[in-house]
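Take a look at the structure below.
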Amino acid sequence: MKQAAAKHITIGIGGGISAYRTLELIRLLKKSGASVTVAPTKAALHFVTELSLETLSQSACLCHPLQTNNGQISHIEEAYRTDLIVIAPATCDLIAKMAHGFADEILLQTLLSFQGPVLIAPAMETHMWQHPATQANIEILRNRGIQIIGPDSGDLASGRQGLGRMASVDAIFEHILAMLTPKDLAGIQALVTAGPTIESLDPIRFLSNHSSGKMGVALAKALAQRGAMVHLVHGPMSVTPPRLANIRTYPIRSANDMLGQVLELVDHVQLAICCAAVADYRPTQVVQEKIKKSQENTTLALVKNPDILRTLGQLSPKPFLVGFAAETSDLEKNAWQKCLEKSCDLLCANLITKANPVFGADENQILVFDQNGLILHIENQSKDRVAHLILDTVRQRLVF
Ligand code: C5P
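Everything in the sequence shown is counted per our numbering, starting at 375 for the first residue and increasing by one.
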């Protein structure tokens, strides 16, 4: 599924210091394949230059209320062309003008001419944000269906700390992707396991693995963007779980914790994706005191952990089940066998080699199997994109 690629986004910029952070947002959107036109207000151009905006967006800016292009009225043309208008930062003044239908900036004229989705990222001092006038204007915009992200708490332009900082560029970018993605999994409750598990040896040491959790997080994000309600059960990951309204996170440590949490949730989900790198074994006992290094040699007694995916495969009724397999040899044979043995509807296999370490990487390459064998080869690309391609196959087969 394409998200930002082939979409056109209008970025409005208000006159606030966080305008400099919007430059990075434009860069991210361009990198993801979107075309972008920037509409800065007069005040915004005191903070960022037209030259920077045009260079990053590779497109002429909309700066003047009476602007035309080859005889066409620019704000009307833009309103018909664009898929989404994002205003970052949305200042107090811009919010007030939007709420009351002012049209003294080309950005406001474009907004009035546009009938599609709008996202604003407010940014201002705490008292300006909390002022009843601003809050009343925000309420008007919210009731009109305009989406609002932030503001966050943090460092403000005045040097004070408080609520009013523009949401992070990453959060705005993720929100934009979610808004552009068709909601073909709306109504689905999905369970995703991600990251490693940690099996304690004593109060200080543990057994674990190199899983970063990136693939599981990419799947959770992609599911949420497509409208599913996601339950993300995860071990300690090197990535932060996404803060999206329809992702609920359940941090756990051991395989047994993960199994317990998964079994609590499974009756309520139609789809379960087991992406976690669950430790196959745990120490037979967790020693209460730190193990001393008094002996030259020592042995660890290990006991097998429960297999969560296999447990889910044996349920009846069971959710649509997607497993993962990381193999270092004979990928196709081992992966298909795993799909059969663990009763998966789909199994995604990645070959781990020195050249393709997978763990911790931002990209992945996957073979997808069903009960009849290999059905899809997903070429090496970003884990976010791989997640959407896996979900395209899930969507074709999931009955709900
Ligand atoms: O058997 P193997 O570990 O290769 O299987 C990988 C798949 O099984 C993954 O989907 C993983 O999340 C799942 N798994 C599990 N519980 C285990 C071991 C693996 O759910 N104890």
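Don't be surprised by glycine CBs; every beta carbon is placed ideally from N, CA and C.
For the ligand C5P, is there a heavy atom less than 7 angstroms away from the beta-carbon of residue i?
i: Leu-683; result: yes
i: His-680; result: Checking the sequence shown, residue 680 turns out to be Pro, not His. Under cutoff, so the answer is yes.
i: Thr-702; result: no
i: Val-652; result: yes
i: Lys-712; result: yes
i: Gly-697; result: yes
i: Ala-619; result: no
i: Ala-646; result: no
i: Thr-567; result: yes
i: Ala-417; result: no
i: Ala-564; result: no
i: Ala-629; result: yes
i: Cys-437; result: no
i: Cys-649; result: yes
Could you pull the DSSP bridge partners for residue i from this structure?
i: Ser-433; result: In the DSSP output, where bridge partners are listed per residue, Ser-433 has none listed.
i: Gly-528; result: Gly-536
i: Tyr-655; result: Lys-678
i: Ile-387; result: Pro-414
i: Ile-752; result: Ile-740
i: Ile-522; result: Ile-494
i: Gln-446; result: Asn-443
i: Gly-747; result: Asp-744
i: Ala-505; result: The identity of residue 505 in the sequence shown is His, whereas the question assumes Ala. DSSP, once it has assigned bridges, lists no residue as partnering His-505.
i: His-382; result: Ser-409
i: Ala-650; result: The partner list for Ala-650 (beta bridge, DSSP) is empty, contrary to what the question assumes.
i: Phe-694; result: Leu-645
Measuring only between beta-carbons, confirm whether residue i sits less than 8 angstroms from chain B.
i: Asn-746; result: In the displayed structure, chain B is absent; only one protein chain is listed.
Should the region 538-546 be regarded as contacting the region 579-594, the criterion being three or more beta carbon pairs within less than 8 angstroms?
no
Within the region 696-741, ranges of the alpha helix (DSSP H) (whole runs, at least 4 residues)
705-715
Any beta strand (DSSP E) of 3 or more consecutive residues that is wholly inside the region 453-493
458-464
Continuous alpha helix (DSSP H) assignments of at least 4 residues falling wholly in the region 556-627:
588-599
Three or more beta-carbon pairs under 8 angstroms between the region 552-566 and the region 599-611, yes or no?
yes
Check whether the region 719-726 touches the region 693-701, taking contact to mean three or more Cβ pairs, one atom from each stretch, closer than 8 angstroms.
yes
Assess, as a yes-or-no matter, whether the region 484-493 is touched by the region 445-457 under the definition of 3 or more beta carbon pairs within less than 8 angstroms.
yes
Using 8 angstroms as the threshold, is the region 752-759 in touch with the region 625-645, meaning 3 or more CB pairs across them?
no
Kindly confirm or deny that the region 572-580 and the region 409-429 touch, where touching means at least three C-beta pairs closer than 8 angstroms.
no
Please confirm if the region 636-645 is in contact with the region 661-670, defined as three or more CB-CB distances below 8 angstroms between the two stretches.
no
Are three or more beta carbon pairs between the region 565-574 and the region 602-610 nearer than 8 angstroms?
yes
Can at least three beta-carbon pairs, one atom from the region 457-469 and one from the region 435-442, be found at a separation below 8 angstroms?
no
Does the region 527-541 touch the region 473-481, meaning 3 or more C-beta pairs lie closer than 8 angstroms?
no
Do the region 679-686 and the region 646-656 make contact, defined as three or more Cβ pairs closer than 8 angstroms?
yes
Taking contact to mean 3 or more Cβ pairs, one atom from each stretch, closer than 8 angstroms, check whether the region 612-624 and the region 704-713 are in contact.
no
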